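First comes the structure, then the notes that go with it.
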Amino acid sequence: MSFVKRYGFAIAVGVLVLLMATYLLSTRMGGEKLPVILEVPDFTLTDLNGEERAFSDSDGKVRLVYFFFATCPDVCPMTTRDMVDVQNALKERGVFGKKVEFHWISVDPYRDTQEVLERFADAYKADRSGWHFLRGEAAEIVEIARGFNLIVQNPNPDQIVHQNIIALVDQKGQLRKYIFGSDEDELLDPNAVVKEINKLL
Numbered sequence: 004m005s006f007v008k009r010y011g012f013a014i015a016v017g018v019l020v021l022l023m024a025t026y027l028l029s030t031r032m033g034g035e036k037l038p039v040i041l042e043v044p045d046f047t048l049t050d051l052n053g054e055e056r057a058f059s060d061s062d063g064k065v066r067l068v069y070f071f072f073a074t075c076p077d078v079c080p081m082t083t084r085d086m087v088d089v090q091n092a093l094k095e096r097g098v099f100g101k102k103v104e105f106h107w108i109s110v111d112p113y114r115d116t117q118e119v120l121e122r123f124a125d126a127y128k129a130d131r132s133g134w135h136f137l138r139g140e141a142a143e144i145v146e147i148a149r150g151f152n153l154i155v156q157n158p159n160p161d162q163i164v165h166q167n168i169i170a171l172v173d174q175k176g177q178l179r180k181y182i183f184g185s186d187e188d189e190l191l192d193p194n195a196v197v198k199e200i201n202k203l204l
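Mapping the sequence shown onto the numbering used here, position 105 (from 1) lands on 108, and the numbers just tick up by one.
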């Protein structure tokens, strides 16, 4: 019997154990890195102050981007509610607004007026020093979402479609991870989101 046949299985198991140990050690020591998925194209939208805000204005900060609409009956309010816990955890560390920002982009330009978005933000106690609620034209929002490889459809108020996904973008404008928002089947884990942010800080 050859050496490979006699010891091949043991060698394979040993290599697998070594790889797992290396992965676990690197994760524990914070060595796990998020891959670069794509470069996010720059865009400019209008904020709650009625001022134009370019995405690149926040370069140098970690950003979480979510396409939503204020009258969404299910996932948008659930996801926003759970992200408030992320906001508060980041505020305790003193990094919210300074090193991390949230960009909530409305996909419903027909009903999400500045006043409607202000009420939505206030209802969830969103800290506007680091949480931006943005508006634009319907076709413009579809194109911006495409830059994140996300789908938005908004041909009219009765046909609003978006994905319940938060895009985690690094300081250089690189999309590093998709985070699924809360729904009826599974809630977003704020602690897990903070850990993903920490990998980029």
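The beta-carbon is built from N, C-alpha and C at its ideal position, and this holds for glycine as well. Just so we're clear, the structure is a prediction, and the values are computed from it rather than from any experiment.
Distance between residue j and residue i (C-alpha atoms, nearest Å)
i: residue 152; j: residue 144; result: 12 Å
i: residue 188; j: residue 159; result: 28 Å
i: residue 194; j: residue 102; result: 17 Å
i: residue 33; j: residue 182; result: Unreliable positioning characterises residue 33 in this predicted model, as indicated by a pLDDT of 42, which lies under 50. A coordinate reading is not provided.
i: residue 190; j: residue 85; result: 8 Å
i: residue 178; j: residue 132; result: 22 Å
i: residue 52; j: residue 196; result: 28 Å
i: residue 28; j: residue 134; result: Residue confidence is low: residue 28 scores 35 on pLDDT, short of 50, so the model does not pin down where it sits. Its coordinate-derived value is still stated next. Distance between the alpha carbons of residue 28 and residue 134: 34 Å.
i: residue 78; j: residue 184; result: 7 Å
i: residue 175; j: residue 116; result: 30 Å
i: residue 130; j: residue 35; result: 30 Å
i: residue 162; j: residue 37; result: 34 Å
i: residue 172; j: residue 128; result: 23 Å
i: residue 147; j: residue 112; result: 14 Å
i: residue 204; j: residue 122; result: 31 Å
i: residue 164; j: residue 73; result: 13 Å
i: residue 118; j: residue 99; result: 24 Å
i: residue 124; j: residue 108; result: 12 Å
i: residue 6; j: residue 92; result: With a pLDDT of only 37 at residue 6, under 50, the local geometry of the prediction cannot be trusted, and the value read off the model is given with reservation. Using only the alpha carbons, I get a separation of about 56 Å.
i: residue 199; j: residue 114; result: 33 Å
In DSSP terms, what residue i is bridged to
i: residue 103; result: 65 and 99
i: residue 43; result: Paired residues: none, contrary to the question.
i: residue 108; result: 70 and 137
i: residue 145; result: Beta-bridge pairing links residue 145 to no other residue.
i: residue 164; result: 156
Enclosing alpha helix (DSSP H) for residue i [first to last residue]
i: residue 118; result: 117-126
i: residue 138; result: Premise fails: residue 138 is in no alpha helix (DSSP H) and is neither H nor E.
i: residue 195; result: 193-201
Residue span of the beta strand (DSSP E) that contains residue i, given as start and end
i: residue 179; result: 177-183
i: residue 170; result: 168-172
i: residue 47; result: 47-49
i: residue 56; result: 55-57
Nearest-angstrom beta carbon gap, residue j and residue i [assumed within contact, 8 Å]
i: residue 104; j: residue 64; result: 5 Å
i: residue 167; j: residue 82; result: 6 Å
i: residue 59; j: residue 50; result: 14 Å between Cβ atoms; not a contact.
i: residue 70; j: residue 155; result: 6 Å
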